[in-house]
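**Student:** In the numbering used here, the protein residues as written are 91 to 157.
No residue lacks a Cβ here, since even glycine has one placed at the ideal position from N, Cα and C.
Below: one structure in structure tokens.
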Amino acid sequence: MRSTIEIDDKLLKKAMAVTRFTTKKGLVNAGLEELIRTKRIERLISRLGKSPLKLSLNDLSKRRAYG
């Protein structure tokens with residue numbers, strides 16, 4: 091898909107200098123993939139320890155005892 095966007099030239103040059111990318115397209119695609127990956131990780135971390143199950147330690151012990 092073609093898009094016209096304004097990108098900070100200094101930022102683009104810095105990003106290309108510190109990565110292996112030689113094309114703007116490759117750099118932008120990699121940046122978008124990294125953003126998606128980072129946000130997914132953040133979402134997973136925010137959900138750690140949260141569960142729809144409302145079990146107490148006592149409930150878990152009883153379930154273990156019954157097999």
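Do Phe111 and Leu117 come within 7 Å of each other at the CB atom, strictly closer than that value?
**Tutor:** yes
**Student:** Locate the alpha helix (DSSP H) running through Leu125, then write down its first and last residues.
**Tutor:** Segment 114–137, the alpha helix (DSSP H) holding Leu125.
**Student:** Leaving out five residues on either side along the sequence, give the residues of the same chain with a beta carbon under 6 Å from the beta carbon of Glu124.
**Tutor:** Excluding the 5 residues flanking it on each side, Glu124 has no same chain C-beta neighbour closer than 6 Å.
**Student:** Could you tell me which of Ile131, Ser93, Arg133, Leu134 sits nearest to Lys114, measuring between CA atoms?
**Tutor:** Ser93
**Student:** At a cut-off of 6 Å, would you count Ala105 as near the ligand NAP, judging by its Cβ distance to the nearest heavy atom?
**Tutor:** Absence of the ligand NAP from the depicted structure is noted, as is the absence of any ligand whatsoever, leaving it without description.
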